[in-house]
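Student: Let me give you the structure first, and then I'll get to my questions.
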Ligand SMILES: [Zn+2]
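In the numbering used here, the protein residues as written are 15 to 240.
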């Protein structure tokens with residue numbers, strides 16, 4: 015089975031779905047990652063070198079995971095919803111995701127959570143990608159929402175039991191992101207990921223020392239997947 019995980023940013027797929035992807039690779043599935051925003055918006059705090067570093071970290075993560083590859087969207091960080099460059103920006107984003115679906119020959123696709131009333135996430139790029147993914151996967155049989163650390167009102171009904179220590183090791187491939195405080199809190203990304211895994215693990219009735227990742231099916235065609 016071929017699996018595609020679509021993320022707005024470098025490390026989104028791993029932070030949300032590392033455990034699922036690791037289980038899939040162990041089971042013989044081919045895992046691909048799509049990263050939409052691989053370019054930086056001109057900012058005093060971000061340099062072009064940062065972008066190269068992030069791309070190298072993404073490749074290291076794919077190598078460590080044993081994944082088949084990752085697709086580079088080429089869109090601008092923080093401007094996935096509108097780059098003010100192209101009138102056809104949204105269509106270009108949808109086309110880019112569709113190309114990744116085609117190239118990966120994905121049997122199952124995982125996309126960021128979206129919600130029409132709240133947007134489903136506090137990050138504008140996640141909201142934009144979720145909407146574009148919903149359009150890009152419209153003809154696909156098996157599509158799931160995954161949970162981001164910034165998701166709002168995410169209530170999963172499907173769980174994947176994961177090894178949280180293995181998940182953290184994969185996320186650590188994104189070295190530049192480790193040790194940073196997360197979104198105005200005193201917690202680091204690793205703390206947030208561990209907390210989420212423990213919470214979803216309790217909901218999933220996971221085994222001792224295990225955690226879980228939560229998913230929400232958009233469409234699953236029984237027989238084509240299970
Ligand atoms: Zn993100």
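By construction, the Cβ of each residue, glycine as well, lies at the ideal position given by its N, Cα and C atoms.
1) Can we count residue 118 as close to ligand 1, meaning its CB is less than 7 Å from some heavy atom?
2) What residues match up with residue 20 in a beta bridge as DSSP calls it?
3) Within the same chain, show all residues whose beta-carbon is closer than 8 Å to that of residue 113, passing over the 5 residues directly before and after it, in chain order.
4) Select from 68, 44, 129 and 169 the residue whose C-alpha is nearest the C-alpha of residue 117.
5) Return the Cβ separation of residue 91 and residue 53 in integer angstroms, given the expectation that the two are a contact with Cβ distance under 8 Å.
6) Who are the Cβ neighbours of residue 87 in its own chain at under 7 Å, not counting the five residues just before and after it?
7) State the DSSP-derived secondary structure class of residue 161, mapped to helix, strand or coil.
8) Can you say whether residue 151 is buried or exposed, counting buried as having 16 or more other CB atoms within 10 angstroms of its CB?
9) Checking the sheet assignment: what are the DSSP bridge partners for residue 176?
10) Since residue 38 and residue 17 should fall inside the 8 Å C-beta cutoff, what is the C-beta to C-beta distance between them, to a whole number of angstroms?
11) Counting C-beta neighbours from all protein chains within 10 Å, is the total for residue 126 16 or more, i.e. buried, or is it exposed?
12) Hey, residue 140 and residue 120: beta-carbon distance below 8 Å or not?
13) Report all residues from its chain with a CB closer than 8 Å to the CB of residue 65; omit the five preceding and five following residues, and keep chain order.
14) State the start and end residues of the unbroken beta strand (DSSP E) segment that holds residue 86.
15) In the DSSP assignment, find the unbroken beta strand (DSSP E) run with residue 122 in it and report its ends.
16) Name the one or two DSSP bridge partners that residue 197 has.
17) Go to residue 187, then tell me how far its alpha helix (DSSP H) extends in each direction, as first and last residue.
18) Apart from the five residues just before and just after residue 78, which ones in its own chain have a Cβ nearer than 8 Å to its Cβ?
Tutor: Taking the definition as stated:
1) no
2) 48
3) 85
4) Looking at the Cα atoms, 44 is the closest of the given residues.
5) 7 Å
6) 48, 49, 50, 51, 52 and 110
7) coil
8) buried
9) 225
10) 5 Å
11) buried
12) no
13) Answer for residue 65: 52, 53 and 54, listed in chain order.
14) 83-90
15) 122-126
16) Paired residue(s): none; residue 197 is not in a bridge.
17) Neither: residue 187 is in no alpha helix (DSSP H) and is coded neither H nor E.
18) 183, 184 and 187
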